[in-house]
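Residue numbers (this note's numbering): 1489 to 1677.
Glycine included, each C-beta is placed from N, C-alpha and C at the ideal position.
Values in this document were obtained by computation on a predicted structure and should not be read as measured data.
Read the structure below first, then the notes.
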Ligand code: SF4
């Protein structure tokens, strides 16, 4: 690097000779910083979503590049959150891209000390068997006076706030159809 180039790259020189006399902008900016750009501007497309973490339901813009999520920001068009996300919501990208995310079903049998991997079909069959058995065991056809009940006290539904409207609607329908009466959601608790 020549002496002139070196002097021109010196922030104080740029501050004294450029249009940033207070040294708060371009004068203090390194070439590397100047070459950086926001991931939101280089994305191929933006999908609209809702933060999955809590019942506030802040809206998100999900930026996608080459088929992968590169950034998640608050959606300024949302009447609920108006572009804001709390620290948890701002970190929701790691929920889908984090290397520690579990992608397999893990099962710990009664009295076992270790988890074992299950394929999804096996796990679904096990859940189904348990639901049917608990429903049957807790079934009440009539009360002590012969009044018709036709309900089960053996199963209950507790939805999480990460569920969306459609999921909650379907879960409520499913559990009611199975005869459950205790159907709640974390957002109400
Ligand atoms: S951004 Fe924060 S407040 Fe908003 S829904 Fe997500 S977790 Fe809740």
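- CA-CA distance, residue 1530 to residue 1551, rounds to 9 Å.
- Cβ contact annotation for residue 1625 (same chain, cutoff 6 Å, sequence separation greater than five): 1642, in chain order.
- In the three-state reduction of the DSSP assignment, residue 1606 falls in the strand class.
- Exposed is the label assigned to residue 1504, since fewer than 16 other Cβ atoms lie within 10 Å of its Cβ.
- Remark: the shortest separation between the CB of residue 1660 and any heavy atom of the ligand SF4 does not fall under 7 Å.
- Short note on residue 1569: C-beta closer than 7 Å to some heavy atom of the ligand SF4.
- Near the ligand SF4, residues with a Cβ at less than 5 Å from any of the ligand's heavy atoms are 1539, 1541, 1542, 1544, 1546, 1573, 1574, 1576 and 1577; the list follows chain order.
- Residue 1542 and residue 1627 have their C-alpha atoms some 33 Å from each other.
- In this chain, the alpha helix (DSSP H) harbouring residue 1578 covers 1575-1578.
- Between residue 1547 and residue 1569, the C-beta spacing is below 8 Å.
- In the three-state DSSP reduction, residue 1631 falls in the coil class, being neither helix nor strand.
- Residue environment for residue 1653: exposed (fewer than 16 other C-beta atoms within 10 angstroms of its C-beta).
- Judged by DSSP secondary structure, residue 1643 falls outside any alpha helix (DSSP H); it is assigned neither H nor E.
- Look at the segment 1512-1540 and you find these whole runs of beta strand (DSSP E), each 3 residues long or longer: 1533-1538.
- Cβ-Cβ distances below 7 Å link residue 1509 to 1503 in the same chain, with the five nearest sequence neighbours on each side left out; the list follows chain order.
- In this structure, DSSP gives residue 1551 an extended state, which the three-state scheme calls strand.
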